[in-house]
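I have placed the structure first, in the form of structure tokens, so that the comments after it can refer back to it.
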Amino acid sequence: MAVQLSLPSLTPGRARADALHRCILGIDTNNRDVFESACLKGEDMTITLGPATFSGWAAINELFVNVFKLITTHIASNIRVELEDGADTAKLTAHVISYHVKPEDAVKVEDTSYTAGTLYDIDLVRDGGDGLWKIKRWDLKIQWTTGDKAVLHG
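Going by this note's numbering, the first residue of the sequence shown is number 91, and it counts up by one from there.
Written as structure tokens, this is what we have:
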């Protein structure tokens, strides 16, 4: 599936929200290029997951190694974007339900997934190089889970 990374017809708010859409589309299609197009791939990018904070692209890239081995579906809703006209930064919040399953278990009758309901709090910046909005800070606050965490965490 070829994905066009830049969508010039988006409104300013939707262009910012597109960073989240590219991120989860990349994860759900196992397309690292699409995922990485949504991330500020530098030392100042951070992801906070519960009590742990991962700083810098090398640590974040390592965090996603197991995720890209899985079949996933992320459903985002209640997306809100705080922005100011002409600003190169924005803030985004969303509610996300994410399903994770091992490829060999994808079509089993019994539920073998790990599912989480999560609140995302994201800081975005516009990349001067390609003009795309990128995730700089991503805070994932897990509200609830079901299933086997070993699916995601090995």
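Note that beta-carbon positions come from the ideal geometry of N, C-alpha and C, so glycine has one too.
Computed from a predicted structure; not experimentally measured.
What span of residues does the beta strand (DSSP E) with residue 172 cover, start to end? 161-173
Secondary structure at residue 217, three-state DSSP: helix, strand or coil? coil
Presumed contact (8 Å Cβ cut-off) between residue 192 and residue 155, rounded CB distance: About 14 Å separates the two Cβ atoms, so there is no contact after all.
Can you grab the Cα-Cα spacing for the pair residue 195 / residue 107, in whole Å? 32 Å
Is the number of C-beta pairs between the stretch 178-186 and the stretch 138-153 that are closer than 8 Å three or more? no
Whole angstroms is fine: what's the gap from residue 209's alpha carbon to residue 185's? 5 Å
Are there three or more Cβ pairs, one per stretch, closer than 8 Å when the stretch 217-237 is compared with the stretch 125-136? yes
Might you give, ordered along the chain, the residues of its own chain that have their beta carbon closer than 7 Å to the beta carbon of residue 172, omitting 5 neighbours on each side? 180 and 181
Can you list, in chain order, the residues of its chain whose CB lies under 6 Å from that of residue 165, leaving out five sequence neighbours each side? 187
Helix, strand or coil: which one does DSSP assign to residue 197? coil
Which residues does DSSP pair with residue 234 in a beta bridge? 207
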